[in-house]
Amino acid sequence: MTVTDRSVAETWFRRVLWIGILANLALAIPTLLAPERMMALTQLPPATPIMWARFAALLLILLSVFYMPAGVDPNRYRVVAWLAILSRLAGVIFFVGFQSAEYHMLGYFDLVFFVPEFVLLAMLARSRPGGAR
Numbered sequence: 095m096t097v098t099d100r101s102v103a104e105t106w107f108r109r110v111l112w113i114g115i116l117a118n119l120a121l122a123i124p125t126l127l128a129p130e131r132m133m134a135l136t137q138l139p140p141a142t143p144i145m146w147a148r149f150a151a152l153l154l155i156l157l158s159v160f161y162m163p164a165g166v167d168p169n170r171y172r173v174v175a176w177l178a179i180l181s182r183l184a185g186v187i188f189f190v191g192f193q194s195a196e197y198h199m200l201g202y203f204d205l206v207f208f209v210p211e212f213v214l215l216a217m218l219a220r221s222r223p224g225g226a227r
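So, in structure tokens, the structure goes:
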């Protein structure tokens, strides 16, 4: 892979990761502030007690914050970048594989980010001297 290809893969990885972070925050912040309204808007079953929906939103915000170092420098924070991708895969498996159909959209949401992030980071890792680390 040429330096230009490596630069393009890195740039697009960072873009997709940041778009995913912003998408997470766009879902999580309103859910933290108005969980009943967000549950109705997304046509998810009501949560009881509602504290669990708020807590899930808080955890998604915190998870998104942990993705940020890889969004700044995926080479320096390669382990964080791989963990961000594995977190997306875990979301796909959890929501699509183990939850009822009304929650599958949350897994598909993670899948939309998992696929391009995985491909781009794999390209970036292969281009690096010594391979993936």
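According to my numbering, the sequence shown is numbered sequentially starting from 95. All C-beta atoms, glycine included, are put in the ideal place defined by N, C-alpha and C.
Cα-Cα, which of the options is closest to residue i?
i	options	result
A164	M133, E104 and L121	E104
E130	A151, S194 and Y171	A151
V209	R220, A195 and W176	W176
A178	Q137, F188 and L157	L157
F149	R182, V159 and T125	T125
Do you know offhand how far residue i's Cα is from residue j's?
i	j	result
W146	T96	48 Å
R109	P139	32 Å
M133	L127	12 Å
I155	P143	20 Å
I113	L205	13 Å
Y197	G191	10 Å
L135	A117	16 Å
R100	Y171	16 Å
M199	T98	36 Å
W106	Q137	32 Å
L111	L121	16 Å
S261	V102	Given a span of 95 to 227 for the chain in the structure shown, any question on residue 261 remains unanswerable.
V174	A141	31 Å
F188	V159	21 Å
L180	F203	14 Å
Using a 10 Å radius around the Cβ and a threshold of 16 neighbouring Cβ atoms, would you call residue i buried or exposed?
i	result
E211	buried
L215	buried
S194	exposed
Measure the beta-carbon distance from residue i to residue j and round it to whole angstroms, keeping in mind my assumption that it falls under 8 Å.
i	j	result
I115	Y161	5 Å
P168	L218	6 Å
V186	G201	5 Å
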